[in-house]
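>
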Amino acid sequence: MIGENARETDWKDTVASWASHAMKKAGVQEPLDGAIRLEVVFFLQRPQNHYNSAGKLKAKFNDLHTTKPDATKLLRCLEDALKQIVWRNDSQVCTTIVSKRYGAIPGAQVTISEESPEGGTVTAAAPTPQQASFFNDPVQKTLHPLNRGAE
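The sequence shown begins at 258 in my numbering and counts up one residue at a time.
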């Protein structure tokens, strides 16, 4: 992507490293070839001005993240990072569900399913933000494998 900044590149490298490790742990040696369903929830750090002087969340704020970065840019970075690791090309992603929220720990919860014309899926789920944060921490060493199994 033209115009990448250093943080974006570091983040993509971190996601790629996590995904590569997870695929190996799941026993998947090659990127998936079929149709993909991608579900992702991005968790972003809440700004300090959302809290009152007592450290409590102000009533006017909720968990929906409505400021930059936008969800499509986050998604594009994620898809690019997973190319040639989880799938061969992000054009294989046929179904996408994406949201962004404020979270206690910045990160992303990613679920990848291999869609079948017969309706079945094979699911690979990333760790929740409570298990591992790879959104803002390029030195995160705790990587969890994909859980691969029939739904």
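By construction, the Cβ of each residue, glycine as well, lies at the ideal position given by its N, Cα and C atoms.
In angstroms with no decimal places, state the Cα-to-Cα distance between Pro-363 and Lys-357.
About 11 Å.
> Is the beta carbon of Leu-295 less than 9 Å from the beta carbon of Ser-373?
In this structure, Ser-373 does not lie closer than 9 Å to Leu-295 by Cβ.
> If you follow the beta strand (DSSP E) that Val-298 is part of, which residue opens it and which one closes it?
292 to 301
> Which one of Trp-344, Asn-346, Val-297 and Leu-321 has the shortest CA to CA distance from Thr-353?
Val-297
> Secondary structure at Ala-328, three-state DSSP: helix, strand or coil?
helix
> CA-CA distance, Leu-321 and Leu-332?
Computed Cα separation, rounded: 16 Å.
> Would you mind giving the Cβ-Cβ distance between Ala-328 and Phe-299, rounded to the nearest angstrom? I have them listed as a contact below 8 Å.
7 Å
> Please name the residue in Asn-262, Gly-284 and Pro-288 whose C-alpha comes closest to that of Ala-273.
Pro-288
> Applying the criterion that 16 or more other CB atoms from any shown protein chain within 10 Å of the CB defines a buried residue, is Asp-270 buried or exposed?
exposed
> From Val-355 to Ser-310, what does the alpha carbon distance come to, in whole angstroms?
33 Å
> Identify whether Val-272 lies in helix, strand or coil by the three-state DSSP scheme.
helix
> What's the call for Glu-375, buried or exposed, on a 16-neighbour Cβ count within 10 Å?
exposed
> According to DSSP, which residues form a beta bridge with Ala-361?
Answer by DSSP bridge pairing: none, since Ala-361 is not bridged.
> Just to confirm before moving on: does the CB-CB distance between Ile-458 and Cys-351 stay below 9 Å?
For the chain, the structure presents residues 258 to 408; residue 458 sits outside this window and is missing.
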